[in-house]
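Chains as they are written, first to last, in my numbering: chain A, 414 to 869; chain B, 414 to 869.
Only one structure is covered here, and it is reproduced in the block below.
Here is the structure:
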């Protein structure tokens, strides 16, 4: 939390098809015909790289989101999409979301190892347990595992894939043409994991990657999520509507990490920010209002109802949301996004329409409307005020909504000495100031049993 | 099988780290330092595209192959690798191997849909059930499922992912900014699959892809494999050492497909060919011998022992392989590769060393050593002689072993009118002359239940 001379903002571009405002695809400046065109995302990533951002980031979930009738809520598969982005960039980090609940650890470990190899060390893993209950039906489960159970598997899952990524020591690859030794099998280790949720023998079928492991990112801010983040995460994505809330979270997470013996500076806290930018504040607010006018109450209401487990009536759009209607107990109450909405209702007593507009901006993330100077001011305020090590930039629409941030806000942040003017390293770990981990197997002389005894 | 004026060879470049000869990585013309460098594979794919090949193809398996001590037998993860190749090419097909035994159908369907979207219709799926028993331990299984059981799951798996790829009809994506309708949810269908091996609800979380479905490729030539190919495959990869064997297979597969009511011309049979090319036949043979000299008996013997389930003695390298030692019964006998080796032993009565060299070329595939004209002659002989619709080209080493094929053999095939001089389409289905399938759901008016009833 101390502001040393070297402390610099970390900035990711969070890419969402169409943009982060729920009506983005309807805005005249967006291109709904290009939502499945990899070229659009490659151009975005190149612009983000030209602006020396740390990373691009893709969310994900293994099911069709609700209400695709009204919003561009299909999914871009992150591994393939980011591999194609890697091919046209050379520095920017590539953070893929992947679920510990609905993937096999061996397959996931391979995908990340490959992304790290082909990008020469730019992969990050946003570790999620999947919130959408409808995913269960796509994987033969009768019900989505409950929150605590998902996190229990997630912890074991991360331990397993960590061992897989470490299973080839860095020195295992020899490739000596003269002697004919391709790999030092004494430095390739089965992991022989047998746990409550998973049994994985290993080793991985690829040499260790440039970063050793992808950067571990985590995005849940629930109690389980914080505990998980404090233990595993090197960067934490989080949603806050106020400086106070962000500050509390920041302090809490750093404290938890320190309590586990970790260096708090190596657990970066990165809230989301969705900026509407105008040449005047009034112009920025008008732009935000224009987006809100494009929302469709059928869509927004249904989303809110699912989140809160409450039914609303369209006739009540302009009445205050009854605080009492929200039942904060049970499984729903464990979700940090649920809690954020309850906080907004308690703090602002909004009408239903106001609440819907508030959430339309970026699904509960911080929406800022202002001039480039004002947006930079808010970023600096959070960054120097103990609330953030940087931000996930969530443009309301793509790609214009990012262009104006890159063209207008980034130069101000650079002038103030808050953000890099050029990359000083090549990997995502370099950008984030994180060390490259040694293999946990380094130095252990356990031979790979299956190849230890060649035929006589 | 009839040779019409339009009948043209299909040629894929089968990419294997280092090359297909087991000692390729030791050859002075190969670059073991670049085996994990995506740039090497991107350059190869661009050269293959410049030579108007149909596709590049990556093998795969979810475990570390045996004997990595002596050979470059790690794995390149196909989806990420081919996505990065897609980014630097525009026409060539991209065929990824993926296992029906060790993946979740929802995840696999997403990866292929994404590869097809981002490549604008160039994805193919080499459907395998995974032969390596050590994969089981990486996925929590006590034992690798037996051959028949794997194929039983494979059939159900293909049915499931086909339905997932069809679950968005082509017209489902509307994206009409004015009306606010993003998708026609009447044209997005849950698949509600409940089978012996799999339960998958669907729909997929992405719109239908340029090709509708990836091209279905299959590579097993066992009895189970042939039945599977006849029913599902649009292209079949196969290994034959003689024209006679290839002809028998070709006729059998076309007959089986016709018996199931399919058009045999839409089941392409593509044997592997691994060409050593020289300016004279003697030079080509000398090159092949040079590679064989680089093999390591410890490695080759162990591989053969695993395949055949027999122990050999290094002292017997120069004695004939005893035919009687090979037990052709049981699970092993079901493998077409096993049968191929038995045939070589019966036909040629090779010494153990000769057999090892024969298999070192391309793991049992057809190895040809000759001048460019001679190689083109053999290709033409098989193509016009009812043995092949084209070939999987398996260069002994990469990338030089492909360059000489592209530079010397392809022009001859073009001059003879056997191979295209330019692409006439943009998708892999175009190149292979295969139709784009309609969604099986087209016209059914089953609404997507979860979004059919928006809140009032």
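Note that beta-carbon positions come from the ideal geometry of N, C-alpha and C, so glycine has one too.
All of these numbers come straight from a predicted model, not from anything done at the bench.
Counted as a single uninterrupted DSSP element, the alpha helix (DSSP H) harbouring residue 702 of chain B occupies residues 694–706. Secondary structure note for residue 570 of chain B: it is in no beta strand (DSSP E), and the uninterrupted alpha helix (DSSP H) holding it is 560–579. Interface criterion met: the Cβ of residue 527 of chain A is under 8 Å from a Cβ in chain B. Within 7 Å of the CB of residue 485 of chain A, the CB atoms of chain B belong to 595, in sequence order along the chain.
When C-alpha distances from residue 459 of chain A are compared across A/502, A/477, A/442, the shortest belongs to A/502. Runs of the alpha helix (DSSP H) spanning 4 or more residues and lying entirely within the segment 757–791 of chain B occur at 765–773, in chain order. Here the alpha carbons of residue 658 of chain B and residue 800 of chain B stand approximately 8 Å from one another.
CA-to-CA, the gap between residue 435 of chain A and residue 634 of chain A works out to about 22 Å. The three-state secondary structure of residue 523 of chain B, taken from DSSP, is helix.
Residue-level contact check: residue 546 of chain B does not touch chain A, since none of the beta carbons of chain A fall below 8 Å from its beta carbon. Only those residues of the segment 577–590 of chain B whose C-beta falls short of 7 Å from the nearest C-beta of chain A are listed: 588, 590. A direct Cα-Cα distance of roughly 31 Å separates residue 727 of chain A from residue 614 of chain B. The criterion of a C-beta distance shorter than 8 Å is not satisfied by residue 461 of chain B and residue 515 of chain B. The continuous alpha helix (DSSP H) containing residue 644 of chain B extends over residues 636–645. No Cβ of chain A is located within less than 8 Å of the beta carbon of residue 704 of chain B.
Against chain A, the CB of residue 550 of chain B has a partner CB under 8 Å away; the residue lies at that interface. Contact between the segment 520–528 of chain A and the segment 490–506 of chain A is established, with three or more Cβ pairs separated by less than 8 Å.
Secondary structure at residue 501 of chain B: coil, using DSSP grouped into helix, strand and coil. As summarised for the segment 648–693 of chain B, the continuous alpha helix (DSSP H) elements at least 4 residues long and confined to that stretch are 656–672, given in chain order. In the DSSP assignment, residue 537 of chain A falls within the beta strand (DSSP E) that extends over 536–541.
Of the candidates B/710, B/850, B/808, B/710 places its Cα closest to the Cα of residue 767 of chain B. Partner residues in the beta bridge of residue 589 of chain A, as assigned by DSSP, are A/594. Residues of the segment 559–573 of chain B with a C-beta less than 8 Å from any C-beta of chain A: none at all. For residue 534 of chain A and residue 420 of chain A, the gap between their C-alpha atoms comes out near 22 Å. With a cutoff of 8 Å on beta-carbon distance, residue 804 of chain B and residue 686 of chain B are scored as near each other. Residue 512 of chain B: member of the beta strand (DSSP E) spanning 506–512, first to last residue.
At a beta-carbon threshold of 8 Å, the residues of chain B lying near residue 614 of chain A are 547, 550, 551, ordered along the chain.
Residue 808 of chain A is outside the set of residues whose beta carbon lies under 8 Å from a beta carbon in chain B. Along the segment 763–793 of chain B, there is no position whose C-beta sits under 7 Å from a C-beta of chain A. In terms of beta-carbon proximity, residue 626 of chain A stays away from the interface with chain B, with every pair separated by 8 Å or more. The three-state reading of DSSP puts residue 739 of chain A in coil, since its state is none of H, G, I, E or B. C-alpha of residue 481 of chain B to C-alpha of residue 598 of chain A: approximately 7 Å in a straight line. Any Cβ of chain B closer than 8 Å to the Cβ of residue 429 of chain A would place that residue at the interface, and such an atom is absent. Contact of residue 438 of chain B with chain A by beta-carbon distance below 8 Å involves 588, 590, 595. When C-beta distances to chain A are compared with 7 Å, the residues of the segment 494–510 of chain B below that value are 494, 496, 497, 499, 500, 501, in chain order.
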